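Chains as they are written, first to last, in the working numbering: chain A, 20 to 280; chain B, 221 to 468.
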């Protein structure tokens, strides 16, 4: 097991380096060919890059060892007809209510993976710095995680009921547009950004496994055509909840003012 | 040394808190809902330990390396004052980071399978690989374009919502004309393009630019690059789905 782990460490490190390489080439290429000025704190930056590569390597291996196999297995078991309808039950008509445990799992796993998502932590740290503390690191992360939870649960519901994806997405866009007109300007770009950062290293593999599990076990669904769409929901809903978080914060402040008077 | 060690343990504890929800959710569903024992407990504990160390190191590297270099380059470009090179850099960053993105490679391969199953592709050998390759190229191109538009917006100080809502409208209109098999993939491709390394870098670039340019507010103008990078792939992939039968 030790030897295996070492080999796995080595390979994952190689793959991570390969992923980081194009980024490093672009950054250092432009730095030395176009900007032509030595980077300040070059040593620190290189150490930082090494930390990032080693960190991601361990992170990915750890996920691969601990969370993904179990998470994917659970997604499969929870969507198994034997679990949903009871073993040996004759399944007549498909009732969407029978899948309540799947929705619950979808929401819980969406929330939990988002909290652990490193890119969201990065954006939350930056937003906290830039806003001078007005945007809380945990406030933003929880708001986004609630959005992903709702999005993934809704996405599984869509797969079960087999309703067209674009109806939901268009409805979501309409909500985003209405909220945009009513939210304070400073939060809008951050809210739009949070749609894209949520779906990364931790969330995508588990959520995809859930979608595929559902689409393959429900009769009449094609894993290829119906398995997609969960990521789209997980990217759209956080925009709504982050703007909602800002609106809720403003409402709280207003209420406090009214009570203070 | 002692304080350094304390700091490190503090950071590990923070990472543990970040991971607690996943551990609780998986543990609860496995033990209470599915009523099954946790297989391979030793392996899982070792994996969790790795995740903890990894997350802690990554966050450290973020503050030491990714944020400073993003902001440093934004500053340098702002001082240099060359619009062409700034936009060329933005395009290269978007294109280069996306083309090699593993999540995208996986999605493109899957999308080619969907297209093959839907009979969109010819029976020629290698048609599926071609399709996946050009799809990846399309998405990488779209992210390059996204960063160019996004950076240009920061320079001009345009409000983001007109551009994004305009983009949404375009997505909705294209949805009705694109083949049904591409819609799900197109919508998902917006989410997979932005990787763990790209996001901090691009965020630092945007915030750095908005800080360096007079009259721009880092909160209002600095954020938003990721939003463009998640929107344009949808548009480009929908167009790809419409044009492929004609071109291929």
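Just so it is clear, CB atoms sit at the ideal spot from N, CA and C, and this is done for glycine as well.
Please read these numbers as outputs of a predicted model, since none were measured by experiment.
How would you call residue 376(B), buried or exposed, if buried means at least 16 neighbouring beta carbons within 10 angstroms? exposed
Does the distance from the C-beta atom of residue 141(A) to that of residue 203(A) stay below 8 Å? no
Would residue 122(A) count as contacting chain B if we go by Cβ distances under 8 Å? no
Determine, using beta carbons only, whether residue 254(A) comes closer than 8 Å to chain B. yes
Could you check what DSSP says for residue 365(B) in three-state terms: helix, strand or coil? helix
Quick one: which unbroken alpha helix (DSSP H) runs of 4-plus residues sit fully inside the segment 227-282 of chain B? Chain order, please. 261-281
Less than 8 Å between CB atoms is the rule here; does residue 257(A) satisfy it with respect to chain C? The chain labelled as chain C is not found among the protein chains of the depicted structure, namely A and B.
Kindly indicate if chain A contains any beta-carbon less than 8 Å away from that of residue 305(B). yes
Rounded to the nearest angstrom, what separates residue 73(A) and residue 278(A) at their Cα positions? 52 Å
Could you tell me the alpha carbon to alpha carbon distance between residue 36(A) and residue 307(B), rounded to whole angstroms? 26 Å
Going by DSSP in three states, residue 437(B) sits in which element: helix, strand or coil? coil
Under the rule that 16 or more other beta-carbon atoms within 10 Å means buried, what is residue 101(A), buried or exposed? exposed
Specify the secondary structure class of residue 427(B) as computed by DSSP and reduced to three states. helix
Which class does residue 219(A) belong to by DSSP, given the choice of helix, strand or coil? coil
Residue 233(A): which of 92(A), 71(A) and 164(A) sits nearest, CA to CA? 92(A)
Taking 8 Å as the threshold (beta carbon to beta carbon), is residue 408(B) in contact with chain A? yes
Please state if the CB of residue 269(A) and the CB of residue 296(B) are separated by a distance shorter than 8 Å. no
Classify residue 30(A) as buried or exposed, calling it buried when 16 or more other Cβ atoms lie within 10 Å of its own Cβ. exposed
Short-range partners of chain A found in the segment 268-281 of chain B, where Cβ spacing is below 8 Å: 268, 269, 270, 271, 272, 273, 274, 275, 276, 277, 278, 279, 280 and 281
Can you tell me the Cβ-Cβ gap for residue 440(B) and residue 208(A), rounded? I've got them flagged as a contact below 8 Å. 6 Å
As a quick exercise: from 380(B), 409(B) and 391(B), pick the residue whose alpha carbon is nearest that of residue 361(B). 409(B)
Cα separation between residue 401(B) and residue 90(A)? 28 Å
Name the chain B residues whose beta carbon is nearer than 9 Å to that of residue 57(A)? What residue 57(A) touches in chain B: nothing, since even the nearest Cβ is about 10 Å away.
Whole-Å CB distance - residue 42(A) paired with residue 239(B), under 8 Å assumed: Not really, about 26 Å apart at Cβ, beyond 8 Å.
For residue 321(B), tell me which candidate among 353(B), 300(B) and 341(B) has the shortest Cα-Cα distance. 353(B)
Between residue 160(A) and residue 116(A), what straight-line distance do the alpha-carbon atoms span, to the nearest angstrom? 30 Å
Would residue 212(A) pass as an interface residue toward chain B - the criterion being a Cβ-Cβ separation below 8 Å? yes
In the DSSP assignment, find the unbroken alpha helix (DSSP H) run with residue 407(B) in it and report its ends. 400-412
Would residue 227(A) and residue 249(A) qualify as a contact pair, given that the criterion is a beta-carbon distance under 8 Å? yes
Which bits of chain A does residue 450(B) rub up against, with CB to CB less than 9 Å? 211, 212, 214, 215, 216, 218 and 254
Range of the contiguous alpha helix (DSSP H) that encloses residue 392(B): 380-397
Could you tell me whether any non-hydrogen atom of the ligand GTP is closer than 7 Å to the CB of residue 153(A)? Among the ligands in the structure shown, none appear at all, so the ligand GTP cannot be discussed.
Could you compute how far the alpha carbon of residue 259(B) sits from the alpha carbon of residue 218(A)? 28 Å
Considering only C-alpha positions, which residue in the set 229(B), 334(B) and 291(B) is nearest to residue 245(A)? 334(B)
Residues, ordered as in the chain, of the segment 115-141 of chain A that lie near chain B by beta-carbon distance below 7 Å: 120, 124, 127, 128, 130, 131, 132, 134, 135, 137, 138, 140 and 141
So for residue 175(A), helix, strand or coil by DSSP? helix
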